[in-house]
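Engineer: Please find one structure pasted underneath; my questions will follow.
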Amino acid sequence: MKLAQHCLAFLVLIGLVLPVLSQLLFCYYTNWSQYRKGSGKFIPNNIDPSLCTHILFAFATLNGNQVKTTEWNDVAMLNEIVRLKKRNPQLKILLSVGGWGTNARKFSSMASTARSREEFLNSASKFLNCYSLDGLDIDWEYPAAAYRGGSPRDRYNFVLLLQLLRRRLTRRYLLTIAAAAGKQTIDAGYDVHRIARTVDYILLMTYDFHGSWEKLTGHLSPLYSKKGEANGRQYLNVDYAVTYWKSKGAPANKLIMGIPFYGRSFTLVDGQLNGMMAPAARAGNPGSIIHSSGVMSYQEICLEEKSWSRHWDNDHQVPYLVRGNQWVGYENRESVRLKANYLVSRNLAGAMIWSLDFDDFDNACRQGRFPLLNTLVSSLTLHNRRPTTFRSYTVRPRATTPRIWTRSPNIPHSICPPNVNVIIGDPYNRHVFHVCYLGRDYRYTCPPTLVWDPRIHACNYDHH
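Right under this line is the structure:
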């Protein structure tokens, strides 16, 4: 555990000095997490600005066609977040407008005429300029969604709104959207090709595929489909959503893949029937920090994890927990690594996390601060193929015939070369690599099924 924490700390350290992330990392900050009690309270001072490339302030809302703050101290919090750029000058701060709490009817009305779109543009432009922000994120949930008060014209009007924003905000500001991952919602509300030509990035909400609104258990963010899934359930996974957006005309270098730092929970009908697609009666019981039925933050989960039965679904590549009649699907460090590997393998622009406050940001579980976010950072860092600090260095085992080990041998001396900062594979175990930094040797293990690949200085699939 300590070795892993040291390695993560090292990777974060070099991230402060060099642009070693191979992908972008968008992190949502929620302005209501300040009201939680005890260890759940999250404020701008809790943010580590070295871990994200972009921070999105969630949320502003709409008052007619005007951008409106939602909390009494939003301006003060925004100013605190902008000041984080003193510690990381490369950090970008965006205002996110909308979210689930802003009824889609408000967006539908605002986007419906040239005049109303112009009023929104003027309001948003003044807001960005006044608070020295770097961009605007439109989180319209969802265009043309009738059950949310949307109109079929939203699909067309959304493009007109984005084109106006892009044209008038100029390239000085970033323009992003948070977008649906469900096939029906994509088809109804998004002219993907025209949107992709207009915005800088599309942040895919590749989570909430399943939840307590259903009568069967399901993971909120399965990476792949499960054999035998049908009746539309086969579309409810990350891989399908990413592939579908690309097939509709979104280039990979504009897609940002969402990763949830929370779980969705259920109360089972029968505690003995507790796998995937088990009968569920209602939402899971509230946790001890965010106190929300059907939702648990990673911090809540990791604090209680030892008292639950842990399971791993090989098809979906995700974990879930069971305790009595309670069931929760969530992300852990292993599934986050796998998702990072996936988005790199698909050449996506990066990852988005929802949200900073759901991670174990104060090390309550003794996994280090922000364990999921640090895992994501380290995974993306290790996929960087053009390191500017580390040079290639191959360490060969001694000429003697090595024993066959199921784990790395307890070598009395470091295998790291003297006075060289380098990442190298273990000469005895292909699943292990070493981070050599300032004379110290930090041992790290690749995710299951992957081995260290010295050609790209990253964990990779075994091609031998």
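When the letters of the sequence shown are read in order and numbered with mature numbering (1 follows the signal peptide of the UniProt record, and there is no 0), they come out as residues -22 to -1, 1 to 442.
All residues carry an ideal CB built from backbone N, CA and C; glycine is no exception.
Using a threshold of 8 Å, is the CB atom of residue 323 nearer than that to any non-hydrogen atom of the ligand GDP?
Structural biologist: For the ligand GDP, the structure offers nothing, since it holds no ligand at all.
Engineer: Classify residue 121 as helix, strand or coil using the three-state DSSP reduction.
Structural biologist: Here residue 121 sits in coil by DSSP.
Engineer: For residue 131, which of helix, strand or coil comes out of DSSP?
Structural biologist: Coil, per DSSP.
Engineer: Determine, using beta carbons only, whether residue 27 and residue 55 come nearer to each other than 9 Å.
Structural biologist: Taking 9 Å as the Cβ cut-off, residue 27 and residue 55 do not qualify as a contacting pair.
Engineer: Considering Cα atoms alone, identify which of 275, 117 and 185 is closest to residue 153.
Structural biologist: Ranking the options by Cα distance to residue 153, first place goes to 117.
Engineer: Is the stretch 184 to 202 touching the stretch 242 to 255, taking contact as three or more C-beta pairs under 8 Å?
Structural biologist: The stretch 184 to 202, when compared against the stretch 242 to 255, does touch it at the 8 Å Cβ threshold.
Engineer: Would you decide whether residue 280 is buried or exposed? Buried here means 16 or more other CB atoms lie within 10 Å of its CB.
Structural biologist: With 16 or more other Cβ atoms within 10 Å, it is buried.
Engineer: Using the Cβ count rule (16 or more neighbours within 10 Å means buried), how would you classify residue 108?
Structural biologist: Its Cβ having fewer than 16 others within 10 Å, residue 108 is exposed.
Engineer: Would you please state the rounded distance, in angstroms, between the beta carbons of residue 195 and residue 156? I believe it to be under 8 Å.
Structural biologist: About 26 Å separates the two Cβ atoms, so there is no contact after all.
Engineer: Only counting the same chain, and skipping five residues up and downstream in sequence, which positions put a Cβ closer than 7 Å to that of residue 179?
Structural biologist: Same-chain partners within the cutoff: 154, 232, 234 and 327.
Engineer: Could you tell me which whole alpha helix (DSSP H) segments of length 4 or greater appear in the stretch 155 to 200?
Structural biologist: If we require 4 residues or more, the alpha helix (DSSP H) runs fully inside the stretch 155 to 200 come out as 161 to 167 and 170 to 176.
Engineer: What do you get for residue 57, buried or exposed, if any count of 16 or more other CB atoms within 10 angstroms of its CB means buried?
Structural biologist: Looking at its Cβ environment, which holds fewer than 16 other Cβ atoms inside 10 Å, residue 57 is exposed.
Engineer: Do residue 315 and residue 353 have their C-beta atoms closer together than 9 Å?
Structural biologist: Taking 9 Å as the Cβ cut-off, residue 315 and residue 353 qualify as a contacting pair.
Engineer: In the DSSP assignment, what are the bridge partners of residue 437?
Structural biologist: According to DSSP, which records beta bridges pairwise, residue 437 is partnered with 430.
Engineer: Counting pairs of beta carbons, one from the stretch 127 to 138 and one from the stretch 86 to 96, are three or more of them closer than 8 Å?
Structural biologist: With a cut-off of 8 Å, the stretch 86 to 96 and the stretch 127 to 138 count as touching, because enough Cβ pairs lie within range.
Engineer: Determine, using beta carbons only, whether residue 172 and residue 141 come nearer to each other than 9 Å.
Structural biologist: For residue 172 and residue 141, yes; Cβs fall inside 9 Å.
Engineer: Name the one or two DSSP bridge partners that residue 4 has.
Structural biologist: BP columns for residue 4 point to 32 and 330.
Engineer: Taking the alpha-carbon positions, what's the residue 52 to residue 46 distance?
Structural biologist: About 10 Å.
Engineer: Buried or exposed: where does residue 356 fall if 16 or more other Cβ atoms within 10 Å of its Cβ makes it buried?
Structural biologist: Residue 356 should be labelled buried.
Engineer: With a threshold of 6 Å on Cβ separation, who are the neighbours of residue 102 within its own chain once the five nearest residues in sequence on each side are excluded?
Structural biologist: The answer, listed in chain order, is 45 and 114.
Engineer: What did DSSP end up calling residue 414 once you bin it into helix, strand or coil?
Structural biologist: In this structure, residue 414 counts as strand in the three-state DSSP scheme.
Engineer: Buried or exposed: residue 41, going by 16 or more other Cβ atoms within 10 Å of its Cβ?
Structural biologist: Per the 10 Å Cβ criterion, exposed.
Engineer: From which residue to which residue does the beta strand (DSSP E) around residue 73 run?
Structural biologist: Counting along the chain, the beta strand (DSSP E) containing residue 73 begins and ends at 70 to 76.
Engineer: Pick from 158, 432 and 270: whose alpha carbon is nearest that of residue 78?
Structural biologist: With distances taken between Cα atoms, residue 78 lies closest to 158.
Engineer: Between which two residues does the alpha helix (DSSP H) containing residue 311 stretch?
Structural biologist: Here the alpha helix (DSSP H) through residue 311 covers 311 to 323.
Engineer: Tell me the DSSP bridge mates of residue 299?
Structural biologist: Answer is 288 and 306.
Engineer: Check whether the Cβ atoms of residue 277 and residue 338 lie closer than 9 Å to each other.
Structural biologist: Against a cut-off of 9 Å, the Cβ pair of residue 338 and residue 277 comes out as a contact.
Engineer: Per DSSP, what kind of secondary structure is residue 254 in: helix, strand or coil?
Structural biologist: In this structure, residue 254 counts as coil in the three-state DSSP scheme.
Engineer: Mind checking which residues open and close the alpha helix (DSSP H) that includes residue 224?
Structural biologist: 216 to 225 is the span of the alpha helix (DSSP H), which, as asked, contains residue 224.
Engineer: Applying the criterion that 16 or more other CB atoms from any shown protein chain within 10 Å of the CB defines a buried residue, is residue 335 buried or exposed?
Structural biologist: Result: buried.
Engineer: With which residues is residue 261 paired in a DSSP beta bridge?
Structural biologist: Paired residue(s): 244.
Engineer: Taking Cβ positions, are residue 214 and residue 160 nearer each other than 9 Å?
Structural biologist: In this structure, residue 160 lies closer than 9 Å to residue 214 by Cβ.
Engineer: How big is the Cα-Cα spacing for residue 31 and residue 137?
Structural biologist: So the two alpha carbons sit approximately 27 Å from each other.
Engineer: Taking Cβ to Cβ, would you say residue 297 is nearer than 9 Å to residue 282?
Structural biologist: For residue 297 and residue 282, no; Cβs fall outside 9 Å.
Engineer: State the Cα-Cα distance for the pair residue 60 and residue 111, rounded to the nearest angstrom.
Structural biologist: When rounded, the distance between both Cα atoms is 7 Å.
Engineer: Taking C-alpha atoms, which residue in 71, 43 and 70 lies nearest to residue 465?
Structural biologist: Absent from the structure is residue 465, since the part of the chain shown begins at -22 and ends at 442.
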